[in-house]
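Residue numbers (the working numbering): 70 to 152. Cβ coordinates follow ideal geometry from the N, Cα and C atoms, glycine included.
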């Protein structure tokens, strides 16, 4: 979790936190599902930015795999689109 995210939660206590979806380990190993910014059409790899304006701190591949390995859950972006 980034320091900016923690700071924003302190400044905006009424703001909802990111929803983490549980993913079964067998499904994660066998299914090829889209789960990170780098797989989304809204992600600009050159600028490392989302065209929708969302932060990719929690949805990037490294962050997703780190969160999954610790909790068995991922923060799947609700605006994720594939080609």
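*Residue from 86, 85, 104 with nearest C-alpha to residue 92*: 104
*Put residue 97 into one of helix, strand or coil per three-state DSSP.*
helix
_Could you compute how far the alpha carbon of residue 100 sits from the alpha carbon of residue 94?_
10 Å
*Can you give me the start and stop residues for the alpha helix (DSSP H) that residue 135 sits inside?*
130-140
*Is the segment 141-151 close to the segment 122-132, with three or more CB pairs under 8 Å?*
yes
_Counterpart residues of residue 112 in DSSP-defined beta bridges_ = 119
_Looking at the strands, I want to know which residues DSSP matches up with residue 90._
143
*asked:* Given a cut-off of 8 Å on the beta-carbon distance, is the pair residue 110 and residue 150 in contact?
replied: yes
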